[in-house]
Each structure stands twice: as structure tokens, then as C-alpha cells.
Amino acid sequence: MFSIFANLFGYLLELLYNLVNNYGLAIIIFTILIKLVLLPLSIKQQRTMKKSTEMQEKMKIIQFKYKNDPEKMNKEIMSLYKEEKMSPLSGCLTAIIQIILILSVFYLVRSPLTYMEKMSKEDINKYVTQLQEEGKAVSNVYPEIDLIREHEWLKQKNSEDANVDRINLQMNFLGLDLSKIPQQNMTDYTVYIIPVLYIISSFISIRITTSMQKNQQEDKLLVDGKTGKEVKEDDKNKENENSESEMDAIMETNKMMSWMMPIMSISIAIVAPLGLALYWLVNNILMIIERLLLNKIINTEK
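Each residue of the sequence shown is one higher than the one before, counting from 6 in this note's numbering.
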């Protein structure tokens with residue numbers, strides 16, 4: 006399935022590359038276009054997230070009221086979702102789309118000759134065999150990236166083969182070689198620039214999301230007419246003890262995510278071509294801008 010989307014994305018990325026003649030710039034424009042296409046979904050997700058926060062207090066009341074009757078509690082919760090015109094699975098679609106995008110772009114960046122240039126496996130394997138017979142190192146995971154690096158040698162070897170020109174992709178972007186893989190170039194400090202920027206942007210994105218959720222919870226308390234002192238007094242009863250435990254669990258989960266997501270991201274970025282890290286970095290920057298703007302617009306609507 007991911008190869009199907011990678012093939013479709015390859016047409017768009019190839020079109021952009023032919024227009025700007027630079028792989029990095031094509032990836033940036035590609036990321037912006039994908040973000041614009043998904044903007045309506047992002048708006049819906051942001052509104053759903055805000056509405057979900059507003060529903061939490063009602064759900065806590067239902068959970069406390071029917072804590073000894075799970076069946077009744079589930080029915081009341083489902084009725085609440087129906088009343089608010091929301092679905093318990095409303096966030097799943099966005100998550101699925103994000104997974105499809107991440108893996109599809111990984112396929113695309115890993116094999117640009119297959120998905121961008123639409124080269125046949127026979128031609129790719131022929132050039133790979135030539136490199137191997139010459140004793141040149143060819144990665145089992147990223148053979149097409151190695152072909153791009155060895156384009157000049159392959160062109161001399163296949164001077165009468167016009168097909169070899171399709172291997173010549175301009176991978177240099179602002180002095181960075183987007184075909185490089187950090188794991189294979191540990192002594193080259195330039196391979197760490199994009200992954201480090203990506204990690205920083207990830208922390209910023211997580212902090213902004215956490216801050217928005219916290220502000221929404223505080224806004225809900227203000228709407229309910231509760232001050233910080235009154236909330237502390239309410240914590241003395243059992244209902245709010247349960248709420249406090251739930252909030253502690255949420256905060257602990259957010260704290261784990263703040264550490265785990267960048268660690269997972271850098272683990273992937275180290276073993277993948279820099280083109281993938283560039284896509285993630287641009288996507289993160291656009292996501293931060295998008296969340297700030299949409300949050301301001303939605304709050305204005307409220």
C-alpha cells in the first residue's frame with residue numbers, strides 16, 4: 006500500500022524537481038503542497054481537540070456517577086458523544102493519514118529512482134551489479150542512493166546508454182548533500198544539522214501542544230466558575246481525587262512523549278537519507294505555524 010502512495014507522490018516530486026532542478030527545494034515545496042491539501046483535516050482535528058477538552062468534565066461526572074455500573078456508564082458516554090456530534094474514533098483518521106504519509110515518503114526518499122524517475126528494476130539492478138563488480142560499496146537498504154552518488158562513474162561506464170542520465174539527481178541543498186546517511190558519515194558534522202533542527206522543532210511542537218491543552222483545561226475551569234483555590238478544595242472529595250489521578254496520568258504520558266518522540270525520530274533520521282529528515286523538519290515547522298494560527302482563529306470564534 007505504501008509503495009502505491011510513494012509512486013503517486015513520486016509523480017508530484019518529479020514534477021517539482023523538473024521545475025526547480027533541486028531535490029531539497031522540491032521536497033520543501035512538496036511538503037507545503039501536502040500540508041495545504043490536508044489543511045481542512047487539520048482544522049477539523051484542532052476543533053475536535055478543543056471540543057474533546059471541553060467534554061472531559063462531563064465525562065468525569067458520568068464516570069463517577071456510574072462507576073459501579075460500567076454498562077450504563079458506556080451508554081451515557083456514547084450518548085454524550087452523539088449529543089456533541091463527535092466520534093470516539095475522531096482522532097484515528099488523522100493518525101492513520103500521518104502513518105501513511107511518513108512511511109510513503111520514506112519509501113519515496115529511499116528509492117527516488119524507482120518512484121521519481123520510474124526506472125525499471127532491471128536497469129537499477131544492472132547499474133548496481135556494475136558497481137559491485139568494480140568493488141564499490143553498495144548498500145542493501147539504499148542501493149539507489151549509492152547509484153546517484155556514483156553517477157559520474159556510471160556515465161563513463163555506460164557512455165552510450167542515455168538511460169543513465171536519469172540517475173543524475175541534484176542532491177546538494179544549501180551546502181548539504183541530501184543523499185548522505187548520518188550512520189554512514191559519522192565524521193561529517195554536516196549530516197547532523199538537519200536531524201538536530203528536526204529534534205528541536207519536535208520539542209517545540211510538543212511543548213506548544215501541551216501548553217494548548219493546559220490552557221484549554223484552565224479555560225474550562227474559568228467557564229465553570231472555579232478558581233484555583235476552589236479546585237483545591239474540591240480535590241478533597243473522591244470525585245476530584247479520581248480526576249487528579251487521571252490528570253497525573255495524562256501529564257506523565259505527555260512527559261514520556263516529550264522524551265520518546267525525539268529519541269525515536271533521531272533513531273530513524275540517523276539511518277535514513279537526509280532528504281527524509283528535511284521533509285520531517287519542514288513538516289514540523291509548518292505544523293507549528295499551523296497550530297498557532299488555527300488555535301488563535303478557533304479561540305476568536307469561541
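Each residue gets a CB set at the ideal place from its N, CA and C atoms; glycine is no exception.
Residue environment, residue i, which counts as buried when at least 16 other CB atoms sit within 10 Å
i      : result
ALA11  : buried
ILE205 : exposed
ASN79  : exposed
PRO77  : The sequence given here has Lys at residue 77, not Pro. Exposed: under 16 other Cβ atoms inside 10 Å.
LYS243 : With a pLDDT of only 45 at LYS243, under 50, the local geometry of the prediction cannot be trusted, and no value is derived from it.
GLU138 : exposed
PRO200 : buried
LYS123 : exposed
ILE34  : buried
ASN300 : buried
ILE9   : exposed
ALA142 : exposed
LEU46  : exposed
SER125 : exposed
ILE294 : exposed
LEU297 : exposed
LEU24  : exposed
GLY140 : exposed
Inter-residue Cα distance where the pair is residue i and residue j
i      : j      : result
LEU43  : ASN288 : 12 Å
LEU286 : GLU81  : 42 Å
LEU118 : GLU149 : 6 Å
PHE69  : TYR86  : 17 Å
ILE273 : TYR147 : 14 Å
LYS241 : LYS63  : Here LYS241 scores only 44 on pLDDT, less than 50, and its place in the model should not be relied on; the value that follows carries that caveat. Approximately 19 Å between the Cα atoms of the pair.
SER116 : SER144 : 12 Å
SER57  : ARG154 : 49 Å
SER109 : GLN103 : 10 Å
ALA167 : LEU136 : 18 Å
ASP74  : GLN61  : 19 Å
LEU174 : TYR112 : 17 Å
TYR71  : MET54  : 25 Å
SER84  : ILE32  : 45 Å
ILE67  : ILE271 : 41 Å
PHE7   : ILE101 : 12 Å
LEU165 : PHE178 : In the sequence on display, residue 165 carries Glu and not Leu. Taking the straight line from one Cα to the other gives about 30 Å.
GLU235 : SER210 : Low confidence applies to GLU235: its pLDDT is 48, below 50, so where it sits in the model is not reliable enough to give any reading.
THR315 : THR192 : Summary: the structure shown does not reach residue 315, with the chain confined to residues 6 through 307, and so no result is reported for it.
GLU157 : ILE198 : 27 Å
Residues of its chain near residue i, where Cβ-Cβ distance is below 6 Å and the 5 sequence neighbours each way are ignored
i      : result
LEU291 : LYS40
LYS160 : VAL169
LEU3   : Since the first residue of the chain shown is 6 and the last is 307, residue 3 is not available in this structure.
GLN50  : THR99
Simplified DSSP state of residue i, which is helix, strand or coil
i      : result
ASP182 : strand
GLY280 : helix
GLU139 : coil
TYR22  : helix
THR192 : coil
GLU235 : The predicted model places GLU235 with a pLDDT of 48, which falls under 50 and marks its position as unreliable; any figure quoted below should be read in that light. It is helical.
ASP128 : helix
TYR147 : coil
GLU244 : Bear in mind that a pLDDT of 45 at GLU244, under 50, signals an unreliable position, so the number given afterwards is only what the model happens to contain. GLU244: helix per DSSP, three-state reduction.
ASP170 : helix
GLU295 : helix
TYR28  : helix
SER210 : helix
LYS63  : helix
GLU155 : coil
SER164 : coil
LEU113 : helix
MET6   : coil
GLU122 : coil
TYR86  : helix
ASN73  : coil
GLU251 : With a pLDDT of 49 at GLU251, under the threshold of 50, the predicted position of this residue should be treated as unreliable, and no value is reported.
Beta-carbon contacts of residue i that lie in its chain and below 8 Å, excluding the five residues immediately before and after
i      : result
ILE37  : VAL287 and LEU291
ILE48  : LEU299
ARG52  : ILE303
MET121 : GLY15, LEU18, GLU19, TYR22, LEU113 and LEU174
LEU202 : LEU286
GLY180 : THR195
ILE129 : LEU118, THR119, PRO148, GLU149 and LEU152
According to DSSP, residues forming a beta bridge with residue i
i      : result
ASN177 : ASP182
Own chain, CB closer than 7 Å to residue i, minus 5 neighbours either side, in chain order
i      : result
VAL308 : Because the chain is modelled from 6 through 307, residue 308 falls outside the range shown and cannot be assessed.
LEU183 : TYR28, GLY29, MET176, PRO278, LEU279, GLY280 and LEU283
ASN26  : GLN175
Proximity test, residue i beta-carbon vs the ligand FMN heavy atom, cut-off 7 Å
i     : result
ILE67 : No copy of the ligand FMN occurs in the structure displayed, which carries no ligand at all.
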